[in-house]
Amino acid sequence: AQKVTQAQTEISVVEKEDVTLDCVYETRDTTYYLFWYKQPPSGELVFLIRRNSFDEQNEISGRYSWNFQKSTSSFNFTITASQVVDSAVYFCALSEDGGSNYKLTFGKGTLLTVNP
Amino acid sequence: DAGVTQSPTHLIKTRGQQVTLRCSPKSGHDTVSWYQQALGQGPQFIFQYYEEEERQRGNFPDRFSGHQFPNYSSELNVNALLLGDSALYLCASWETGVSYGYTFGSGTRLTVV
């Protein structure tokens, strides 16, 4: 069975600080996909990134970066120089099929509050 | 380009009643999935529809049913509502074989009293 653990329930930082959100996953499949979504107060989940299990390259997109380590089953998300607009709940998710049948197993989320 | 549209945005129902939630997928998207998000929890997969058929189902009772129409829009029906069905219901769509990630709607907040 798949499982995603986000041990940090809430994180509070001051603007411009760097912050890392942790994600640990469990799956028996060798092919799987990992995701991060952002949920602002409006409710919709905003897609941030998808990673497949064969691609362990770290990725950087502006102030966002992701560190995927299969050896520790982790897919951590770092926001550099955080801004107030980054305040939201962030979810890590896992899918064992990135094709047409994929369904997501989510962690419980981490509430990030960035204070001015 | 409109994203995923859900209606209504909020709903209050009495225990034992039935409810129908609606979803219009993003233009060009042919697959629709529904998720239930209880307060303080991550979304949980209910089911997925493609070509008007339920293709996958999560661990939800038969009280939860759905439908997909020829225009790809979808409905989620919940019968015999329980207090525990109170949650945010999210609809997500994607275009099979093309999309990189689901596009989610803003959800319907269902409160059962």
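So the sequence lines, in the order shown, correspond to chains A and B. Going by the working numbering, the first sequence opens with residue -3, and the numbers climb by one from there. Going by the working numbering, the second sequence opens with residue 4, and the numbers climb by one from there. Glycine is no exception: its CB is placed at the ideal position from the N, C-alpha and C atoms. Since this is a predicted model, take the numbers as computed values, not measurements.
Asked                                                                                                                                                                                   : Found
Against chain D, with Cβ distances strictly below 8 Å, would A/Glu55 count as a contact?                                                                                                : The structure shown has no chain D; the protein chains it does contain are A and B.
If you run the structure through DSSP and keep just helix, strand and coil, what is A/Val85?                                                                                            : strand
Which residues in the same chain have their Cβ closer than 6 Å to the Cβ of A/Lys(-1), if we skip the five residues on either side of it in sequence?                                   : Glu22
List the residues of chain A that B/Leu93 touches, going by C-beta distances under 9 Å, in chain order.                                                                                 : Gly39, Glu40, Leu41
Which class does A/Ser67 belong to by DSSP, given the choice of helix, strand or coil?                                                                                                  : helix
Buried or exposed, going by whether 16 or more other CB atoms sit within 10 Å of the CB of A/Phe71?                                                                                     : buried
List the whole-angstrom C-beta distance separating A/Arg46 from A/Tyr29, where the pair is believed to meet the contact cut-off of C-beta under 8 Å.                                    : 6 Å
Report yes if the C-beta distance between B/Thr8 and B/Thr99 is below 8 Å; otherwise report no.                                                                                         : no
Under the three-state reduction of DSSP, which class applies to B/Gly69: helix, strand or coil?                                                                                         : strand
Which residues in the same chain have their Cβ closer than 8 Å to the Cβ of B/Gly69, if we skip the five residues on either side of it in sequence?                                     : Trp37, Ile49, Phe50, Tyr52, Glu57, Ser77, Glu78, Leu79, Asn80
Contact between the segment 75 to 95 of chain A and the segment 2 to 19 of chain A is defined here as three or more beta-carbon pairs at a separation below 8 Å; is this criterion met? : yes
Going by DSSP in three states, B/Leu86 sits in which element: helix, strand or coil?                                                                                                    : helix
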